[in-house]
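Visitor: Numbering (the numbering used here), first residue to last: 4 to 313. C-beta atoms are modelled at their ideal positions from N, C-alpha and C, and glycine is treated no differently.
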């Protein structure tokens, strides 16, 4: 492949096939790319002083998925250039070697120039044994990286990991708690509803806000009364999420009557606001059509609004 133009044309076709093919044929293409020197050609580009060229070579090596590139990619992990670091990590994710991927994240410093969203995307993209990787990176001392992989495990939705994730509901670190809550919510595993309900008393309002939101995702009627209580939380975001979750769970709208008959104006205001916006007035009227309760919910809401405006 001495002719540069021919080499680039061949590489372009290879990369097209790598992007669109998977399985055994992809493995054969990787072997062919190694045999004809395409991998070595990209590895040579990693020596460039042009960081954009280095980043592009990393991206291409990821598409080729050759383990021959692992050592060179790991050598670049300390470069504090966002484009390079992102493409190094994504390449390692696509190559799918568990030990190399774990080593890369262990080497990352706490001043990672990548967003949480980018890191979760990289974790989600890993093509090797994800469960093995999660079980190794959940317990890193670096709490930020640990929380990234807890969140990613939630996106993976394999309930084999649920027991381990649930342990972090009791962690002292706020970010790990939040990551565990989000993961269990995405998994839809309601075995931990009681532990999640307990977090409605957490000192961090961010934890409380996510906890009430997750209870809505899990759709478990054990959460109904705790959600009513959360409508009186001192933090608006907690009250707002609690109202949305309460109304979304079967039987929750029945409890709106109790809220409107209560003394907490904050609770009443947030429930009425959510019923009028997120839930929708048309659904309130539809509920009234099939409900035998009196007064009608719509009438109770109108009465509260009228009395409040006096």
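Measuring only the C-alpha atoms, how far is residue 168 from residue 38?
Guide: Answer to the nearest angstrom: the Cα atoms are 43 Å apart.
Visitor: Thinking residue 70 and residue 98 are a contact (beta carbons under 8 Å), I'd like their distance in whole angstroms, please.
Guide: Confirmed, about 6 Å.
Visitor: Given this structure, state the Cα-to-Cα distance separating residue 302 from residue 211, to the nearest angstrom.
Guide: Residue 302 and residue 211: Cα-Cα distance of roughly 32 Å.
Visitor: Which one of 28, 304, 285 has the shortest CA to CA distance from residue 2?
Guide: In the structure as shown, the chain begins at 4 and stops at 313. Residue 2 is therefore absent and cannot be evaluated.
Visitor: Where does the unbroken alpha helix (DSSP H) through residue 151 begin, and where does it stop?
Guide: That run of the alpha helix (DSSP H) goes 146 to 159.
Visitor: Along the alpha helix (DSSP H) that carries residue 33, what are the first and last residues, could you check?
Guide: Start and end: 27 to 38.
Visitor: Taking DSSP as the reference, what is the three-state secondary structure of residue 4?
Guide: Confidence is the limiting factor: at residue 4 the pLDDT is only 47, short of 50, which leaves the residue's position unreliable, though a coordinate-based value still follows. Looking at residue 4 - three-state DSSP - the assignment turns out to be coil, as it is neither helix nor strand.
Visitor: Work out the CA separation of residue 155 and residue 124 for me, nearest whole Å.
Guide: Their Cα atoms are separated by approximately 8 Å.
Visitor: Do you know offhand how far residue 94's Cα is from residue 216's?
Guide: Going from the Cα of residue 94 to the Cα of residue 216 covers about 34 Å.
Visitor: For residue 83, which residues from the same chain have a beta carbon less than 7 Å from its beta carbon, with the 5 sequence-adjacent residues on both sides left out?
Guide: Once the five neighbours on either side are set aside, the close Cβ partners of residue 83 are 116.
Visitor: Is there contact here, the stretch 41 to 61 with the stretch 72 to 87, by at least three beta-carbon pairs under 8 Å?
Guide: Flag = yes, the stretch 41 to 61 and the stretch 72 to 87 touch.
Visitor: Cβ of residue 10 within 9 Å of Cβ of residue 41?
Guide: Their beta carbons are under 9 Å apart, which means residue 10 touches residue 41 by this criterion.
Visitor: Do residue 61 and residue 76 come within 9 Å of each other at the CB atom, strictly closer than that value?
Guide: Yes; because the gap between Cβ atoms is below 9 Å, this pair is in contact.
Visitor: Pick out whichever of 244, 120, 202 has its Cα sitting closest to the Cα of residue 175.
Guide: Taking only the C-alpha atoms, the option nearest residue 175 is 202.
Visitor: Answer yes or no: do residue 226 and residue 199 have a C-beta to C-beta separation smaller than 9 Å?
Guide: Yes; because the gap between Cβ atoms is below 9 Å, this pair is in contact.
Visitor: Looking at the secondary structure, which residues open and close the alpha helix (DSSP H) in which residue 105 lies?
Guide: 101 to 110 is the span of the alpha helix (DSSP H), which, as asked, contains residue 105.
Visitor: With 16 as the cutoff for other CB atoms within 10 Å, does residue 162 come out buried or exposed?
Guide: When all chains shown are included, residue 162 counts as exposed.
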